[in-house]
Amino acid sequence: MLGPLMIGIASTELSPKERELLQSEQVCGVILFTRNYKTSEQLIDLILEIQKTRKAVFPNEKLLIGVDQEGGNVQRFQGNHFTRLPKSSDLGKLYELKPQKAIALAEKIGWVTAIDLAVVGIDFSFSPVVDLGQPGTLPYESDRAFHKDPRVVEILAEAYIKGMKKAGMLSIIKHFPGHGTVKGDSHCVLPKCDRTMSDVKDHDMLPFANLIKQDLVFGLMCGHLLFPNIDSDIVSYSKFWLHEILRKDLNFDGCIFSDAFEMHAASSWADDPCKRIEQNLLAGCDVIPICHGYTDDYHTISFIISFLQRFPINVDESLKRQVRISNLHFTKTPQVCLTLLDSPRYKIFKREIENFCEILASPTQALEKFAFEEIKNDVANTQESPVMRF
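Each number in the numbering used here comes from the position in the sequence shown (counting from 1) with 25 added on.
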């Protein structure tokens, strides 16, 4: 039995209290952060210990392991074997200069990122961000958005997702229905936007809708965002957004993640953590991440677990949730990925990606030089092909 909670842990080793939480049937996974990482070997040991702890109680179950490995400012694991990744906005800038090269590079980044993560036992990254990069908004200011044009965002996200999928990893896109025209950081405030439904559908939501239509999306994170002219509830607590729009209108049948439980935008809806969890589930969320891993979180999570054990279960919905969650496990073993880590293709792609990052630290002319230079390597046509030949 896999419940709806995805929890954070405090350090590089499991505490007795964390082991207890990992053995609860209400927990389906762990989200990792920089605080959980020292070396690749230590991370492998930690993840093995997480899975061993779970299997001691549920021998046939495996917890989901996820991380935010977007690139740029949001790359939890750096150094050791992990590839240095560019900001999403830099791929958008490259696209403006030479679209096909940007598409090819996005796909390589998706593939390499998946291999880097899978080697240590991680199932997925919460990426790519498919919000629009409008000036004055968080995705733009933090360089986490590919571009302000919905079509460019869709094209680059599609390439990135396909690269990940070819490696055996499924992407979790975010933050539905789009943070790109909503001002404010949901970590600190409740972001609000006065746009109408037609505005959102024709602009912010387009990349989500089109990627779902292409059957490329198996997981999606919804934002703690409020559109008062559309619905009175924030998106992550809204049955209108998650059931009527996402499930029915867009025909999305993958796993729905809420954004982080402890964000200010989420807690502003209600102080009572159980009431918030209940509303998440009633709205249609499959997984609720509780990320911090602080000592106080143990008591909060324990309290929520007790509440969920008394929460009425819809058997049909529970079974569907189990399937949606289980589908997100990485499809190759870490051992298989370890052989890819030593392959010529991986080394060539890694070198090109890190070269791109180094160039971005130089003046603008350097980016133009990268866009138009021919990169010679041992894998024919990989640098210009929008679809890699595997």
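The beta carbon of each residue, even a glycine, is placed where N, CA and C say it ideally should be. Keep in mind it's a predicted model, so treat the numbers as computed, not measured.
- In the DSSP assignment, the residues bridged to S283 are C247.
- By the Cβ rule, the segment 138-158 counts as touching the segment 187-205, because three or more pairs are nearer than 8 Å.
- By the neighbour-count definition (other C-beta atoms within 10 Å, threshold 16), K300 is an exposed residue.
- In this model, A386 and G97 are separated by some 12 Å (Cα to Cα).
- Between the segment 321-331 and the segment 44-64, the count of Cβ pairs shorter than 8 Å is three or higher; the stretches touch.
- The closest CA to that of Q347, considering only R169, I281, I255, R101, is found on I281.
- The C-alpha of L122 is placed about 31 Å away from the C-alpha of V92.
- Looking only at L119, F286, D174, C316, the smallest Cα-Cα distance to I32 is reached by C316.
- The beta-carbon separation of L215 and I259, rounded to 7 Å, stays under the 8 Å limit for a contact.
- Counting only residues of its own chain and dropping the five nearest sequence neighbours on each side, I186 has a CB closer than 8 Å to the CB of G135, P153, S196, I198, L236, L241, V242.
- In this structure V312 touches C53 by the C-beta definition: roughly 6 Å separates them, less than 8 Å.
- Put simply, the backbone Cα of L267 is about 35 Å away from that of E74.
- DSSP places F149 in the strand class (E or B) of the three-state scheme.
- In the structure shown, F58 falls within a coil segment according to DSSP collapsed to helix, strand and coil.
- According to the DSSP assignment, H204 belongs to no alpha helix (DSSP H), since it is labelled neither H nor E.
- In terms of Cβ geometry, L157 and K133 do not form a close pair [threshold 8 Å].
- Per DSSP, the beta-bridge partners of F107 are G104.
- Non-local beta-carbon contacts of L307 in its own chain, meaning distances under 7 Å to residues more than five positions away in sequence, involve K264 in chain order.
- Secondary structure at P298: helix, using DSSP grouped into helix, strand and coil.
- For M31, the enclosing beta strand (DSSP E) covers residues 30-32.
- Shown here, C382 sits in a helix according to DSSP, grouped into three states.
- The beta carbons of L116 and I326 sit no closer together than 8 Å.
- Leaving aside the five residues that flank A81 on each side, the residues in its chain whose CB is nearer than 8 Å to its CB run, in chain order, Q48.
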